[in-house]
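Notes follow the structure.
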Amino acid sequence: MDNYFLRFEHRKPPKAVPYHMGLELLFQFVATVLLVIGAWYIYWRWTDALNWQALWFAIPLVMAETCAYIGTVLFVCNLWKTKDTPRQAPPQWLRECVADPNPPQRKIKVDVFFPTYDEEPELVELSLRDAKRMRYPHQIDIQIYLLDDGRRQSMRELAQRMGVGYITRDNNVGFKAGNMRHAMSQTSGDFIVICDADTRPLPTLLEHTLGYFRDPNVAWVQTPQWFFDLPSGTRLTRIWRKRWGKIGGRCAKWIERIYGPVVIGRDPFANDPTMFYDVIQRRRNWLNASFCCGAGSIHRREAVMEAALRAYAEQIEKQHSEMEKKVRKMTGERQVDQSVSAHLKTSALLDTELTPYKFHVSEDIYTSMVLHGDPTRNWRSVFHPQIESKMLSPQDLQTWTVQRFKYSGGTIDIALHDNVLKRKGMSFGQKLMYFATAWGNFAALWNIVFLLSPIIYFATSIAPVSAYDSAFYLHFLPFIICSEITMMLGTWGVAGFSGKTNYLAFFPVNLRALWTVLRGEKISFPATPKSRQDGQFYHLVWAQIAIVVLSIGSMGFAWAAYWGGFWGHYAVGGLVLNSFWVANNVIAMKGMIKAASWQPRIPKKPWYPIQYEQEDLENLNKSRAHKEMSHEL
């Protein structure tokens, strides 16, 4: 097993971004201005700025801009307000967490699930060790279970050695969701902690989260996922000072004052989930719309079972309705006989299995939708902003691609086959946030237009707008400048540039996921690899490479044609604007292309035996980290 992450063991999790009311009010003001200016710009684009001689080019671009503006509206709604749920004292007895007028007089039971399939025992053992170190101020019953879908003797022996429960089954139906469904039938905890095989809980996980369940309507609590093994990188100020002296250092310092700390080489795959958790998920608390993301979440068993029963009933009704339609089509009758209808419903009952977790690649978000939409219970979700566990990040582009393909495909599949806007029981705000999640996964459809548009202009000299004149810049510049300021204020304290560029470069994976779902194929379930896959992965970024080559090549051709006068009728304003556009696109593609050959620095010393106690391992890592730092200096 790669031991690259050993030198990061000493890292402490970062704190949540502090809340500032003044900054939030400023963001809300600027965001409101942005939405007004954006609507004005989009209206002008449709009514006064189309190139009627090239509608084949003008219409796709203005449609892409409109879709992007809708995404901006959804993003602003998501970021509108920060409303953290107040943390409460950890409960001692189960009666403090239920609404039952005659609550059971007993201790709280907590089950901790570690689903595994093919992960290495050494990696899983680190997770189990950390789980056993979780503390709690009261006496509660904590049971840790290793859920082995690989049916391996090594995992059985690991569970026995670690003193944790071992649960396996004779098939892999439903993969991770099926694994957890089977485990729930073998356990009885009041609350369930979901971990991945590489999720290493911090000692405070239960102490800091179970207090939320004093509210009997809280169904689950999601904590941020933290990849502790991301390369540390180098600050922009240090790089520029080294290259260009004091002047370069001062320029970099001013840039960081505007955009926040800029670290080069820190996150080759834009894996840092801070933007998603500390901004997007956290800001959904005010709408009760933060959804479950799997690892690092704590669930109320009662809520999970109620979601399963509700989904079970919905599935039976849907299947029964489809069977009746087939019968009516075959017989030509307008209505099915009651006895036949009853028989069909019985058949649907026998064919449908009760599953606490939906057999779906995105079982976590699907379960969240079911619970938020339950009309009989006012189930609440809580996003806890403090990091309570650490995980390993994808260490190669192939693993990253598999992971993102599953996320995107699963969300698109839910959006196309279970329209959240038609779900009953959800509030308007909840529907809006789930719709925003789905909308973001369709963004490749308009992002590909944004990537190809400057290439088309440079190659043909045909503009998608009526003219690159003062009227165009009067409408365009206020919108784009206000958009950047709004993004900066809304994500203050979080490095958002890499995530934004990665979002643009994500288009090939996103398009493949969309095409897979539209063809009716299922998104695969297999677990994301936890160890680095060897090799170079340039075949995975051929589309990004093509965009870079075509963008730079066409730009060079257009400028040469303009100065030489041998092709087309270019406008200086169009050349300048599209050149900046190309620069943005190339920077976005560059990160993904570079990631195709990135490799972590593996320590030369071999993996240390796992029988080391955690304290010894931490001391060993601190010593090694100190030596490496001294060597680098």
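Under full-length UniProt numbering, think of the first position of the sequence shown as 1, with each following residue one higher.
Built from N, CA and C at the ideal position, the CB exists for glycine as well.
These numbers were taken from a predicted model, which means no experiment stands behind them.
Can you pull the DSSP bridge partners for residue i?
i           : result
GLY165      : TYR145
GLN222      : SER297, PHE383
VAL465      : LEU50
residue 640 : Because the chain spans 1 through 633 in this model, residue 640 falls outside it and cannot be assessed.
LYS109      : ASP141
TYR263      : Here residue 263 turns out to be Val, not Tyr, going by the sequence shown. DSSP output for VAL263 lists ARG235 as bridge partner(s).
PRO201      : SER389
PHE227      : MET391
PRO115      : LEU147
PHE507      : DSSP, once it has assigned bridges, lists no residue as partnering PHE507.
VAL193      : VAL112, ILE298
TRP93       : LYS107
Under the rule that 16 or more other beta-carbon atoms within 10 Å means buried, what is residue i, buried or exposed?
i      : result
GLN611 : Confidence at GLN611 is low in this model, with a pLDDT of 41, below 50, so the placement of that residue should be treated as unreliable; the coordinate-derived value is given next. So GLN611 counts as exposed.
TYR19  : exposed
MET369 : buried
ASP130 : buried
SER554 : buried
ALA39  : exposed
TYR538 : exposed
MET275 : buried
TYR43  : exposed
PRO224 : buried
GLU484 : exposed
ASP267 : buried
ASN285 : buried
PHE5   : buried
SER226 : Checking the sequence, you will find Trp at residue 226 rather than Ser. TRP226 should be labelled buried.
MET184 : buried
PHE580 : exposed
ILE140 : buried
TRP220 : buried
GLY163 : exposed
MET330 : exposed
ILE298 : buried
LYS325 : exposed
TYR473 : exposed
ASN102 : exposed
ASP374 : buried
ARG519 : exposed
ARG334 : exposed
Is it the case that the CB of residue i approaches a heavy atom of the ligand SAM more closely than 7 Å?
i      : result
PHE442 : Among the components of this structure there are no ligands whatsoever, and the ligand SAM is therefore not found.
Going by beta carbon distance, what residues of the same chain come within less than 7 Å of residue i, once the five residues before and after it are set aside?
i      : result
GLU96  : ARG214
GLY189 : LYS109, VAL110, ASP111, GLN143, ARG301
SER551 : PRO454, ILE455, VAL582, ASN585, VAL586
TRP46  : VAL62
ASN179 : PRO115, LEU147, ASP149
PRO60  : VAL449
THR401 : VAL509, LEU540
TRP559 : LEU575
GLY71  : TRP439, GLY440, ALA443
By Cβ distance, which residues of its chain are closer than 6 Å to residue i, with the 5 residues on each side in sequence left out?
i      : result
VAL262 : LEU236, GLU256
GLY493 : VAL17
MET592 : ALA505, VAL541, GLN544
SER339 : none
THR187 : ASP111
THR486 : VAL30, ALA31, LEU34
ASN578 : PRO454, TYR457
PHE405 : VAL509, ALA513
GLN281 : SER290, PHE383
GLY296 : THR223, GLN225, SER389
PHE507 : ALA444, ASN447, ILE448
Leaving out five residues on either side along the sequence, give the residues of the same chain with a beta carbon under 8 Å from the beta carbon of residue i.
i      : result
ALA438 : THR411, ILE412, ILE414, ALA415, VAL420
HIS475 : TRP40, TYR41, TRP44, ARG45, ALA49
TRP240 : GLY248, GLY249, CYS251, ALA252
SER630 : Reliability fails at SER630, whose pLDDT of 40 lies under 50, so the model's placement of it is uncertain and no value is given.
ARG106 : TRP93, LEU94
With a threshold of 8 Å, are at least 3 pairs of Cβ atoms found where one atom belongs to the region 98-116 and the other to the region 77-87? no
On the three-pair Cβ rule with 8 Å, is the region 562-575 touching the region 451-462? yes
Taking only runs that begin and end inside the region 414-496, name each unbroken alpha helix (DSSP H) of 4 or more residues, in chain order. 428-441, 444-460, 470-490
Inter-stretch contact at 8 Å, needing at least 3 Cβ pairs: the region 22-33 / the region 440-450: no
Just checking, does the region 196-213 make contact with the region 384-399 on the three C-beta pairs under 8 Å criterion? yes
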